[in-house]
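Novice:
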Amino acid sequence: MSVFLHDYRPYNGRLTSLWRRPLVLARYGMAEAWSSKITVGLFVLALLPIVVELVIVYLANNPIARALILRGNPVLTINESFFLSVLEIQCWLALVLTSWIAPRLVSFDLSDNALCILLSHPISRFGYLLGKFLALIAALSFITWIPCLALFVYQSYVSAQPWALDHLQLAVGIFVGAALWIALLSLVGLAVSAWVKWRIIATGAIFAVVFVPAGVGGIANAILRTKWGLLLNVPVVMTEIWQRLLGAPAFMNPRLELPNGAMAAALVVATLMCVAVLNARIRAREVVRG
Amino acid sequence: MKATDTIRFENVSKFYGEVLGVNRITLTLSPGITTLVGPNGSGKTTLMNLMTGLVQPSRGTVSVLGLPPSNATEFFCNLGYCAQFDSFPRGVTGFQFVLDSLMLFGMSEEDALHLTVEALERVQLDGEAAHRRIAGYSKGMRQKIRLAQAIAHHPRVLVLDEPLNGLDPMARAESLALFQELGRQGMHVVISSHILDEVDRVSDRVVLITGGYLIAQGNIHEVRQEVRDKPMQVLIRCDSPELLASKMFSVNHCVEARLHADGRGVFLRTGDIDQFYRLLNEIAVEGLVKIDAVAPADDDANAIYQYLIGSDGSPS
């Protein structure tokens, strides 16, 4: 029997707050995402439309340019419709970036059995996912609401008339609309990453999750002669949400417009499905069934 | 011993669906080095996962130093875990791995840096190697960095799942010396290992488990003495082993004698160890045989494993 000296001293320094710990995992996620040159390429590509739109805003607000180049072209009016199209472009580019970044975020940890090491720290499964979620949210923010709001600020700056206060709903709409979309995309991306090991398949699966239900909804609409199948059509649902948030003119046939409550319910159901998948897959150990 | 000083399993069962992990385990582990011994699939890793809070028991309760796993912050800060999987988050350096681990425990960057350097020194991983990516490490270096991660935050309980796998003899000896040092300092060191010969030398107690059931636990010598249906084997070094063997065979509890290969000793098997030692004393007093050394030959974890679990469940 050993003679125990009992002189072992546990760490008794100050601990940081619980909310800071997922940031370590967020950093892992960011490092993983940005280690690829393709990520950098996609990021630059996603910012190119903003440069074009910046030029458009400049031209639209410059009287000489308007007179000489644009000749009063009404297409270049900076209004709700302009910002709706900017938001749409950026949000669909965010889907492309998600389909590249997200597949490796969780699948690497699962295939490397790194989860048991990470979860043997004072961090819960929720904290783990929050870290990965934050990594995705941060990357997607830089190509969605941040450049869109930067464009809004620039338009406010170059506009001859007071513009920002009259269009505050635009700023709020851009932020909320983009936040809803990137949160949904991040959850879908993480759920697919937790379920699918191979990147190519996972990338395809992310697109499939967004677009395949639209086809199913279209079939349901045709067979049942209803409009409710549109709730499965993510592009339509999101575009309607953005249009209403930004106060842009309606683009749908009024007969086919979806109520806000139904669209919110569709988003909640999609979110819950992603959470259920993550809950099933994110475990500290593999369950071996004999 | 107080609950705050022990690891306790009270009637713990764990089922993975229909598959049995462990069943009705009641166990109290005090400070020191405990070795979990059992064949593959016996439930050792499940027991460790329960101890580390990675899985919840289907029935019963587990407490580590009086803390339930639900008290996550305090529980995990008192616990260091070195998993059997050769797995790390991708792309990180050894130094970053240990540093980030400490920050996940909630330490400030300054403290984490200090403790990282200390842990790396303790496992003898040099600074140049520590700043290289783990993907380029040898198996031994990976084991060292996992061990550094497990001890860096100064836990009071260290759970090591197969910590000697892949280490060369020198590194194994260094690791065992470190475990011994930590055990002597009053830390709980729980080791699961198939390298029984080596862990046997440093263990204070063994826990034998097979098929999810606890077979035996306690000090190795005590456990061996409890296995009464297997005669104990003793090696006696002496000047005339043949004479000693013949004297010993005059009593009926001595069931086997085998000369040592060098001819200067004899292995004797006895069903009554107390009687055996009494008789040996008498022979020594008579002076007919000059006895140099007496040592149990099957009083180790390996023998206990063979006797209680059998060769069918041979370790791999």
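Going line by line, the protein sequences match chains A and B. The first sequence begins at 27 in the numbering used here and counts up by one. The second sequence begins at 42 in the numbering used here and counts up by one. Positions of the beta carbon are idealized from the N, C-alpha and C atoms, including for glycine.
1. Pick from Arg187/B, Ile332/B and Phe146/B: whose alpha carbon is nearest that of Leu284/B?
2. Please decide whether Phe134/A counts as near chain B, where near means a Cβ-Cβ distance under 9 Å.
3. Does the beta-carbon of Phe237/A have 16 or more other beta-carbons within 10 angstroms, so that it is buried, or is it exposed?
4. What does the alpha-carbon distance come out to for the pair Gly316/A and Met182/B?
5. Since Ala257/B sits in a beta bridge, which residues does DSSP pair it with?
6. Apart from the five residues on each side of it in sequence, which residues of its chain come closer than 7 Å, Cβ to Cβ, to Asp209/B?
7. Return the bridge partner residues of Val198/B from the DSSP annotation.
8. From which residue to which residue does the alpha helix (DSSP H) around Gly168/B run?
9. Against Asp152/B, what residues of chain A qualify as contacts under a CB-to-CB distance less than 9 Å, listed in chain order?
10. Where DSSP assigns a beta bridge to Gln274/B, which residues make up the other side?
11. When the cut-off is 9 Å and only beta carbons count, does Ser28/A lie next to chain B?
12. What number of angstroms, rounded off, separates the C-alpha of Leu70/B from the C-alpha of Arg246/B?
13. At a Cβ threshold of 9 Å, is Met29/B touching chain A?
14. In chain order, what residues of the stretch 53-65 of chain A put their CB closer than 7 Å to some CB of chain B?
15. For chain B, find out if any of its Cβ atoms is closer than 9 Å to the Cβ of Arg315/A; answer yes or no.
16. Taking the alpha helix (DSSP H) that Ile115/A belongs to, which residues open and close that run?
17. Contact criterion: CB-CB distance below 9 Å. Does Asn64/B meet it with respect to chain A?
18. Can you list, in chain order, the residues of its chain whose CB lies under 7 Å from that of Tyr348/B, leaving out five sequence neighbours each side?
19. Quick one: measure Cβ to Cβ for Met228/B and Pro72/B, integer angstroms, because I've assumed they're closer than 8 Å.
20. What are the boundary residues of the alpha helix (DSSP H) that includes Thr265/A?
21. Going by C-alpha to C-alpha distance, which of Val214/A, Val242/A and Pro239/A sits closest to Thr229/A?
22. With 16 as the cutoff for other CB atoms within 10 Å, does Gln269/A come out buried or exposed?
23. Tell me the DSSP secondary structure of Tyr57/B in three-state form.
24. Report buried or exposed for Arg242/B, applying the criterion of at least 16 other Cβ atoms within 10 angstroms of its Cβ.
25. Report the rounded CA-to-CA distance for Phe146/B versus Met211/B, giving the unit in angstroms.
26. Is there contact between the stretch 201-219 of chain A and the stretch 231-246 of chain A, where contact requires at least three CB pairs shorter than 8 Å?
27. Determine the DSSP secondary structure at Leu205/B, reduced to helix, strand or coil.
28. Output, in chain order, the set of chain A residues within a Cβ distance shorter than 8 Å of Asp141/B.
29. Using DSSP bridges, identify the partner residues of Pro337/B.
30. So Arg47/A contacts chain B; which residues on that side make the cut at Cβ distance below 9 Å?
31. The alpha helix (DSSP H) spanning Thr102/B covers which residue range?
32. Classify Gly147/B as helix, strand or coil using the three-state DSSP reduction.
33. Check the Cβ of Trp304/A against every Cβ in chain B and list those closer than 9 Å, keeping chain order.
34. Just grab the DSSP bridge partners of Cys174/A for me.
35. Residues in the stretch 140-156 of chain A with C-beta within 8 Å of chain B's C-beta atoms, listed in sequence order?
36. Are the Cβ atoms of Leu120/B and Val103/B separated by less than 9 Å?
Specialist: Quick look at the numbers:
1. Ile332/B
2. yes
3. exposed
4. For Gly316/A, the predicted model reports a pLDDT of 31, less than 50, meaning its position is unreliable and no value from the coordinates is stated.
5. Leu249/B
6. Gly181
7. Leu120/B and His229/B
8. Gly168 to Ala171
9. Tyr37, Gly39 and Arg40
10. Arg310/B
11. Note on Ser28/A: pLDDT 45, under 50, position unreliable in the model; the coordinate value appears next. Yes, because at least one Cβ of chain B sits closer than 9 Å to the Cβ of Ser28/A.
12. 9 Å
13. With chain B represented from 42 up to 357, any question about residue 29/B goes unanswered, as that position is not in the structure.
14. Tyr54, Ala57, Glu58 and Ser61
15. Per-residue confidence for Arg315/A stands at a pLDDT of 35, beneath the threshold of 50, marking its modelled position as unreliable; no derived number is given.
16. Glu106 to Ile127
17. no
18. Val268 and Lys271
19. 6 Å
20. Val260 to Leu272
21. Val214/A
22. buried
23. strand
24. exposed
25. 31 Å
26. yes
27. coil
28. Val50, Arg53 and Tyr54
29. Val275/B
30. Met144, Leu145, Phe146 and Gly147
31. Segment Arg100 to Val105 is the beta strand (DSSP E) holding Thr102/B; no alpha helix (DSSP H) there.
32. coil
33. Residue identity differs from the one stated: residue 304/A is Leu in this sequence, not Trp. Going along chain B, no residue has its Cβ under 9 Å from Leu304/A, so there is no contact; the nearest lies around 17 Å.
34. Beta-bridge pairing links Cys174/A to no other residue.
35. Ala140, Cys142, Ile143, Leu144, Leu145, Ser146, His147, Pro148, Ile149 and Ser150
36. no
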